[in-house]
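Numbering (UniProt numbering), first residue to last: 1 to 327.
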């Protein structure tokens, strides 16, 4: 048995990898209907500006593609390890082709970079809304432009990830990650870290600025006040989801960068595959993202209705008090 066959045997019979794939595919399967529910909810929610909705829906659609691709990948690997392998003569019979792996893994990898660049797009969109409060309600193109920039930017990040990828070779497992990456392969991780820090800081800068402007313009133009209220409502709803994005992306990028750069060459191949899959936290992130988004949105809607009822009651009481004084 040659080295590839021995390595394939070790990977196929490594229980922690199979268990990890089963858990991740189960979480992804649970997350898919939750994400579809959220997409429908956002599309028909007119409380968010159309540009904000475009960015969030694009984020959810790419996440959905990642999850479906992930379910397919993990299910096919489990089928290969648990069903096909026991019936073949040699572990070499279940080796994969790197060209096929490139296409199998494409949406999976693209979803990682797209999800990591959504937060800065939201921040930029809300920054533009803050700077053009009077005319922004007519703006219906900014969200589309930002998504296009994000889309093609992530193609560039994916290209750097795949740089040096060799086609037509046998592979033990469909994965782009490899020990001791080249410098160009690590640039996407650095870019995501910078963008996440930018988003995290500017989220609070925008909130603070809009709260200040709200106090300054209590009796200002209605359109400007409405735009500030919309920005604050959007930021309030998106604060926890953006924080979740920040934590999951920082964990993924820093752990992947550090682990693959310094420790990957020192561990077994099968353990490397197991840890590399487990580090990609998008299935777990998706469930937390949907849950926090819906929960905070419902809380804000309840607060809005409560505040409206209080204002109505105050105005009604004031009216009757004034009427009573004039009687």
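From the three backbone atoms N, C-alpha and C, an ideal C-beta is built for every residue, glycine too.
Only a predicted model underlies this, so the values are computations on that prediction, with no experimental measurement involved.
Give the range of the alpha helix (DSSP H) segment to which residue i is assigned.
i: residue 46; result: Counting along the chain, residue 46 falls outside any alpha helix (DSSP H), and DSSP gives it neither H nor E.
i: residue 207; result: 183 to 216
i: residue 267; result: Counting along the chain, residue 267 falls outside any alpha helix (DSSP H), and DSSP gives it neither H nor E.
i: residue 342; result: Here the chain comprises residues numbered 1 to 327, so residue 342 is not present and cannot be evaluated.
i: residue 114; result: 106 to 116
i: residue 136; result: From DSSP, residue 136 is part of no alpha helix (DSSP H); its letter is neither H nor E.
i: residue 92; result: Note, residue 92: premise wrong, no alpha helix (DSSP H); not H, not E.
i: residue 328; result: Because the chain in this structure spans residues 1 to 327, residue 328 falls outside the shown range and cannot be described.
Using CA atoms only, rank isn't needed, just tell me which of the options is closest to residue i.
i: residue 229; options: 130, 277, 37, 292; result: 130
i: residue 122; options: 56, 135, 266, 166; result: 56
i: residue 112; options: 156, 170, 21, 75; result: 156
i: residue 62; options: 36, 164, 186, 140; result: 36
i: residue 174; options: 98, 85, 152; result: 98
i: residue 68; options: 24, 96, 83; result: 24
i: residue 203; options: 15, 192, 177, 237; result: 237
i: residue 167; options: 101, 213, 41, 141; result: 101
i: residue 32; options: 301, 283, 299; result: 283
i: residue 82; options: 38, 13, 44; result: 13
i: residue 38; options: 216, 297, 301; result: 297
Since I believe residue j is in contact with residue i (beta carbons under 8 Å), could you give me their beta-carbon distance rounded to a whole number of angstroms?
i: residue 66; j: residue 108; result: 6 Å
i: residue 303; j: residue 21; result: Incorrect: roughly 42 Å between the Cβ atoms, too far for contact.
i: residue 269; j: residue 77; result: 14 Å between Cβ atoms; not a contact.
i: residue 240; j: residue 286; result: Actually they are not in contact, since the Cβ atoms of residue 240 and residue 286 sit about 14 Å apart, beyond 8 Å.
i: residue 28; j: residue 71; result: 5 Å
i: residue 154; j: residue 114; result: 5 Å
Taking buried to mean at least 16 other C-beta atoms within 10 Å of its own C-beta, is residue i buried or exposed?
i: residue 124; result: buried
i: residue 159; result: exposed
i: residue 273; result: buried
i: residue 26; result: exposed
i: residue 149; result: exposed
i: residue 110; result: buried
i: residue 89; result: exposed
i: residue 212; result: exposed
i: residue 141; result: exposed
i: residue 245; result: buried
i: residue 15; result: exposed
i: residue 337; result: The structure shown does not extend to residue 337, since the chain is modelled only from 1 through 327, so no value can be given for it.
i: residue 1; result: The predicted position of residue 1 is uncertain, since its pLDDT is 39 and thus under 50; no value can be drawn from it.
i: residue 103; result: exposed
i: residue 251; result: exposed
Considering only residues of the same chain and omitting the five flanking positions on each side of residue i, which have a CB-CB separation below 7 Å?
i: residue 255; result: 279
i: residue 275; result: 259
i: residue 257; result: 186, 189
i: residue 144; result: 54
i: residue 253; result: 189, 192, 193
Under 8 Å Cβ to Cβ from residue i, same chain only, skipping five residues before and after it: list those, please.
i: residue 206; result: 123, 126, 127, 130, 231, 235
i: residue 4; result: 92, 95, 170, 172
i: residue 176; result: 105, 109, 161, 162, 165
Go through its chain and collect everything with a Cβ distance to residue i's Cβ below 6 Å, but skip five positions before and after it.
i: residue 80; result: 94
i: residue 248; result: 281, 285
i: residue 51; result: 125, 142, 143
i: residue 199; result: 119, 120, 123
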